[in-house]
Each structure stands twice: as structure tokens, then as C-alpha cells.
Ligand SMILES: [Fe+2]
Ligand SMILES: [Fe+2]
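Residue numbers (UniProt numbering): 1 to 300.
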């Protein structure tokens, strides 16, 4: 018998997302030619989105070094992507443990985990194909991630997911549309954008319900955790060791990026959509907002 989702908006959304997943899903192992060599001279990220673009360090670099830096910036973001996805998968599985396995909502959660399994393999292959190291989170952030993936429920769980997904999504939409960039990173971005659009829809829908259900104490706590998540995600995008790949001292590279008005504008641009959305839901306020500002994601 056909299961009806009429009158159950949560089920109806999950049902639509399950159908969309059947229509457009990728298997990066077969849909990407991993053996194709990189195109000489092509950037991995629009140069204007490099964290050092426009700085004296950028001006002093050769064209080859600039290309190389964007490669390491992209693989650093891919390393961060794997980290976030591992946290996300565990949060979804933890929620599934208590869910009704016959519900479309629970089934979509598993489908999302399946997507993220393929994404993390794809990002791992990307790092390998680029010949870059895995840029791991600093020990303290690694610990915070362990805590989040083991404990987060309610608004902070889905808000943290959305911050990571939507910031990466902004970069990836631009990359997939830019024909001058490396074909490999454009294809990886395209696959991720298509599948993440469903995850964003699922998380936004769920977050609205979680916020409606949360009391003032839970909201205050959520704002703090969300602010800290935004701060960690932003700081982690470009690992300082990425600068060492082009002969720049990591601490000097990181300091130059943090002071770089172009990079600060890029960070605000990447987080604009999610910052506006979470602000509307009342999740970017109070002491938590200070962390958003310190991360350079919002002004004032
Ligand atoms: Fe993903
Ligand atoms: Fe995702």
C-alpha cells in the first residue's frame, strides 16, 4: 500500500527528497576520471577567492605559486569537509537510533548518510589526486568536534550542519560555474552542490521545527554552541600549513589572511545566506554573535 504523507509536512518533505535522491545521485568512483592529469596553469579556486589575494605576499608570488596555493586551499577545505561530514554522519545516525525506521524522515536521514559516505570518499580521492596532505583540525577543535558529534541535539545540531554545508556550498557553486578552473575540482563541486541542496532543504526544514520546540534556556545554549561552531568552521577553512606549501611561514600566512580585506569580504560572502537565515530564526544573538563577529562572518 502506498504510504500517504498528506497532513504530515515532515514526512512530505522527506518523501520528496527521497525521490529526488533516486533521480540525481552520483557515484564519484565511476563519475569522475581520477587518472586525468591536472591542467597546467589552471587555478583550483578563482584567484580572487584565495585567502592571500591582494596582499603583499600574493604580489610576491609567481603565477605557479598562486596556482599551487589555491590547490592547497581547496584541499584544506576538502579535509575540513571530511571532518564536518564525519561529525554530521554520527549526529544523523545517533538521531536515527531513536527514530521510527518506517518513517520517510528516518529513511531520508539514512540516505543523507549514504551521500556523505560517497562525498568523504570523493574528498579523500581529491586530496590524493592533488598530491596534497590531509589538513587535520587542530587538537582542540578536533576535541570540540568529538563533543559535538557525541552530544548535539536540537537547534545546534542542524544549525552547525547548515553552517558547514552552506559556507562550502557558496565556494563550490562559484567553482563549478567557472570554466577556467581545474576540471577535477569543478566536477567534485558540481556533484557536491547537487546533493547538498537536498541536505540543506532537509536541515532547514528540521531546524525550523527544532527552534519552535526549544525553550529560552535551550535557545541561549544553542546560540553559544552555534557561534562556536561558526568560529571553528571559518578558522579551519584554510589550514595554516597550506601556506608552507608555497614557502610562506604558516603563522605569517595566517596573519596576512586574517588582516586581508578581500578574504574578510569572501568569508562574509560565503556565510551571508546562512547568517541571514539563522539571524531570522533568532540564533545569531547575544554572546554567540560575538563569536560570529570574531570569525569575521558578520559585522556590528
Ligand atoms: Fe557532503
Ligand atoms: Fe551534506
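Note that the Cβ used here is the ideal one computed from N, Cα and C, for glycine as well.
What you are looking at is a predicted structure, and each value in this text was computed from that prediction instead of being measured.
DSSP-derived helix/strand/coil call for residue 7: coil
Integer-rounded CB distance, given that residue 273 should sit under 8 Å from residue 179: Contact flag wrong, Cβ pair sits at about 24 Å.
Helix, strand or coil at residue 269 according to DSSP, with G and I counted as helix: helix
Same chain, Cβ closer than 8 Å to residue 287, five either side skipped, listed in chain order: 223, 224 and 227
Sequence ranges, alpha helix (DSSP H) only - wholly within the region 28-98, length at least 4: 28-31, 56-60 and 63-96
Lining residues of ligand 1 - beta-carbon closer than 6 Å to any non-hydrogen atom, in sequence order: 85, 116, 119, 192 and 196
Segment contact, 8 Å Cβ cut-off, at least three pairs: the region 87-100 with the region 249-264: no
Other residues of its chain near residue 189: CB distance less than 7 Å, five sequence neighbours each side excluded: 172, 175 and 176
C-beta atoms of residue 86 and residue 120 nearer than 8 Å: yes
Beta-carbon gap between residue 52 and residue 296 smaller than 8 Å: Taking 8 Å as the Cβ cut-off, residue 52 and residue 296 do not qualify as a contacting pair.
Simplified DSSP assignment, three categories, for residue 209: helix
Endpoints, alpha helix (DSSP H) assigned at residue 252: Unbroken alpha helix (DSSP H) run through residue 252: 250-259.
beta-carbon residue 206 near ligand 2 non-hydrogen atom, thresh 7 Å: no
Heavy atom of ligand 4 within 7 Å of residue 166 beta-carbon: Within the structure as shown, ligand 4 is missing, the only ligands being ligand 1 and ligand 2.
Cβ-based burial, residue 198 [other Cβ within 10 Å; buried from 16]: Counting every other CB atom within 10 Å of its CB across the protein chains shown gives residue 198 a total of 16 or more, marking it as buried.
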